[in-house]
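Visitor: Whatever position you read off the sequence shown (first residue = 1), add 235 for our numbering.
Beta carbons: idealized from backbone N, C-alpha and C, even for Gly.
Every value quoted in this text rests on a predicted model; they were computed, and no experiment measured them.
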Amino acid sequence: MTLSQQLLEEREVAYEAEEDQYAEEVERLETLPLAFEEGSWTWDDLEWIVRWKMTGSPFVGKVLDDFNSNDEAFVTSQIEKAIAASSPGEKLTHLTEITGVAERMGSAFLLFMNPDRFTVLDWKAWGVLHENGYLPDEMPDNPTVEDYLLYLGACWAIANEYDVSLRTLDMALWALGGDE
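1) Is the segment 300 to 314 touching the segment 370 to 377 in the sense that three or more CB pairs, one from each, lie closer than 8 angstroms?
2) Count the other CB atoms within 10 Å of the CB of Lys297; is the residue buried (16 or more) or exposed (fewer)?
3) Among Trp287, Leu401, Gln256, which one has its Cα closest to the Cα of Arg339?
4) What does a CB cutoff of less than 8 angstroms around Val380 pick up in its chain, not counting 5 residues either side in sequence?
5) Answer yes if the segment 405 to 415 comes into contact with the segment 343 to 363, meaning at least three C-beta pairs across the two stretches below 8 angstroms, and no otherwise.
6) Return the chain-ordered list of same chain residues with a C-beta closer than 6 angstroms to the C-beta of Asp301, the five sequence neighbours on each side being excluded.
7) Considering only their Cβ atoms, is the gap separating Asp398 from Gln256 smaller than 8 angstroms?
8) Check each candidate in Ala249, Trp278, Val295 and name the one with the smallest Cα separation from Phe309.
9) Note down, in chain order, each residue of its chain lying with its Cβ closer than 6 angstroms to the Cβ of Val363, except the 5 sequence neighbours on either side.
10) From which residue to which residue does the alpha helix (DSSP H) around Thr403 run?
11) Would you decide whether Phe347 is buried or exposed? Buried here means 16 or more other CB atoms lie within 10 Å of its CB.
12) Which residue from Val248, Leu387, Glu254, Gly341 puts its Cα closest to that of Asp351?
13) Within a Cβ cutoff of 7 angstroms, which residues of the same chain sit near Asn349, ignoring the five residues on either side of it in sequence?
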């Protein structure tokens, strides 16, 4: 399969049709960026992001337990640092210092902080980019901040190349990645 604007837009529609949480996802994408900017987000918002990213995973309970073991003041501080940081790498580094938030989960937090600038690190999407020659290697089992930056750079370039939003690209790549 060769990526194109038409294919990406078609697969975005498929994502909308297949994703059970799509309506809530859209609502959260509209409300959470301002909530993060203003500092009015809640712990429930953060747990929702964790559950959203872990949809279908048998490990969601474990990750939520790990996440919930954090001190609320520490999490607040790390989120404030992430929002204030100037580079994507710094932002993600602050988030991954939170227990239960590795690079893939941190990228989900970044998406809901600023969906115009960030996308979610996902093995399905990475696989599509690798198969199409945009990423040189398969996604490592434990991706690093540097791996996310490589992935994000590829996503920025592709979104620009095909004149689609990062969110359209993200949904399309996820849908193109199938159920493997």
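Guide: Answer, in terms of the structure:
1) no
2) With fewer than 16 other Cβ atoms within 10 Å, it is exposed.
3) Trp287
4) Gly324, Leu327, Thr328, Thr331, Glu338
5) yes
6) Thr334, Gly335
7) no
8) Trp278
9) Leu408, Leu411, Gly412
10) 401 to 411
11) buried
12) Leu387
13) Only Pro268 meet the Cβ criterion.
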